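Only one structure is covered here, and it is reproduced in the block below.
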Amino acid sequence: MKKIMSVLICICLGILVNVNVTEAVTPRVMVSDYSVKEGEVIAGKEFTLTIMLKNTAVRTVKNIKLSISTENGELLPAAGAGTAYVNQIEGDSEEKVVFKMRAANGLEEKAYKLSLKTEYESSGGMEYTVEDAVFIPVSLEQRLSVTDIFMEDEPELGDTVEISAEVNNLGEGTLYNVSASVKGDNLKEQESYVGNIESGKKGTIDFLTKAVGVSQGDKCENQIIVSYEDKAGNVYKKEMDLMVNVLEPVYENLEKVKEKTDHSPMIKRITGILIVIVVILIMVFLYQKRKKRKQQILDEF
């Protein structure tokens, strides 16, 4: 009887040890990835955050609760309390959890720590709590406008064309490496470098290009393209149409031609009179010279 009891106790202890070992080595549920639907998080704007939870165990976990928070409320739930529930995640599988979020106003342009707390139960009913963190970059809204565009009216083909404009930074972040180019069917492509423009400031575009094509109808065939970068080096472009009417060249001024035509007979008459006077002077000179020579001959005799 004692032997039977000993065997039963050993079996029970073995089962308990096996269960405890199995529970002890059960891998955690972890955050495997995240993504932002809008591509980037802008201060003061809403965004959609997707968290991927992965069960690295071979057994199913259940009653999963995921809570998210930031230390100073930089990233807040746009709806709800920042908590999501999942019934279960199969072994070695992932589950997607989606949060509608909003970045607070007045944030700096940097990455903010988002803390994630995952609570769940194993298939044996044991409770686990795991804490993770992801760092989400926040950008400042960037907006610009191009105003005060100046350009010579109706240049002729081949003329040098000066174009100037103002680039206004209407956003909250600095615009880096701002440059502009003008191109199209009527104007020779040209570039202008502006530099960095702080929030609320403006920069000047200045082109010196050339009219290379005569305009055809009212179709806008030219553009000003402004290129700039954010703090992370991402490049953005803003393009706007530029109306320009390039004319066929006029090689002669009609008024000058008319004036020249009106004065031509007078010029010819004056030229003729001058020629006659010169001829008369030459004849008088020759006559006087001949007369003087004749007098010298008579004096010698």
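The opening position of the sequence shown corresponds to residue 12 in our numbering, with each subsequent residue numbered one higher.
In this text, a Cβ means the ideal position worked out from N, Cα and C, and glycines have one as well.
Owing to the predicted nature of the structure, the values given are computational and were not obtained by experimental measurement.
{"Check": "Bounding residues of the beta strand (DSSP E) (the contiguous stretch that carries N256)", "Outcome": "Here N256 belongs to no beta strand (DSSP E), and DSSP marks it neither H nor E."}
{"Check": "DSSP-derived helix/strand/coil call for T282", "Outcome": "helix"}
{"Check": "Spatial distance of P148 from M251 (CA atoms)", "Outcome": "30 Å"}
{"Check": "Neighbourhood of S80 by C-beta, 7 Å cutoff - its chain only, sequence neighbours within 5 removed", "Outcome": "G93, S126"}
{"Check": "Backbone CA spacing between T140 and T185 [nearest angstrom]", "Outcome": "42 Å"}
{"Check": "C-alpha distance - F146 paired with R70, whole-angstrom precision", "Outcome": "30 Å"}
{"Check": "Beta-carbon gap between A176 and I216 smaller than 8 Å", "Outcome": "yes"}
{"Check": "Contained beta strand (DSSP E) runs [length at least 3] in the region 147-227, N- to C-terminal order", "Outcome": "155-162, 171-180, 186-195, 201-208, 213-221"}
{"Check": "Segment contact flag, the region 153-172 with the region 132-139, C-beta cutoff 8 Å, min 3 pairs", "Outcome": "no"}
{"Check": "Terminal residues of the beta strand (DSSP E) in which V108 lies", "Outcome": "104-114"}
{"Check": "Residues near E132 in its chain [Cβ-Cβ closer than 6 Å; skip 5 each side]", "Outcome": "K73, N74, E138"}
{"Check": "For E130, the residue or residues it bridges with in DSSP", "Outcome": "K76, T140"}
{"Check": "Test item: CB-CB of V178 and G214 under 8 Å", "Outcome": "yes"}
{"Check": "Exposure label - E209; buried when at least 16 CB within 10 Å", "Outcome": "exposed"}
{"Check": "Alpha-carbon to alpha-carbon, D241 and Y204", "Outcome": "16 Å"}
{"Check": "Exposed unless 16 or more other CB atoms sit within 10 angstroms - verdict on Q299", "Outcome": "exposed"}
{"Check": "Through-space distance from G50 to A222, alpha-carbon basis", "Outcome": "41 Å"}
{"Check": "C-alpha distance - F161 paired with L181, whole-angstrom precision", "Outcome": "21 Å"}
{"Check": "Exposure label - T129; buried when at least 16 CB within 10 Å", "Outcome": "buried"}
{"Check": "Own chain, CB closer than 6 Å to E106, minus 5 neighbours either side, in chain order", "Outcome": "L64, V97, I100"}
{"Check": "C-beta contact flag for V257 and N197 at 8 Å", "Outcome": "yes"}
{"Check": "Distance between V172 and E163 (C-alpha atoms, nearest Å)", "Outcome": "7 Å"}
{"Check": "Alpha-carbon to alpha-carbon, A95 and A122", "Outcome": "23 Å"}
{"Check": "Local Cβ density within 10 Å of F296, reported as buried at 16 or more and exposed below that", "Outcome": "exposed"}
{"Check": "Bridge-paired residues (DSSP) for S43", "Outcome": "For S43, which the question treats as bridged, DSSP gives no partner whatsoever."}
{"Check": "Exposure of E183, with buried meaning 16 or more beta-carbon neighbours within 10 Å", "Outcome": "buried"}
{"Check": "DSSP three-state assignment for V69, whether helix, strand or coil", "Outcome": "coil"}
{"Check": "Own chain residues within Cβ distance below 7 Å of L118, not counting five before or after", "Outcome": "A54, E85, V149"}
{"Check": "Within 8 Å, strictly: CB atoms of V237 and V157", "Outcome": "yes"}
{"Check": "Contacts around T59, its chain only, beta-carbon distance under 8 Å, and the 5 residues preceding and following it disregarded", "Outcome": "V47, K48, E49, V109, F110, K111, M112"}
{"Check": "Three-state class that DSSP yields for L297 in the structure shown", "Outcome": "helix"}
{"Check": "Beta-carbon proximity list for E200, same chain, < 6 Å, skipping 5 on both sides", "Outcome": "K194"}
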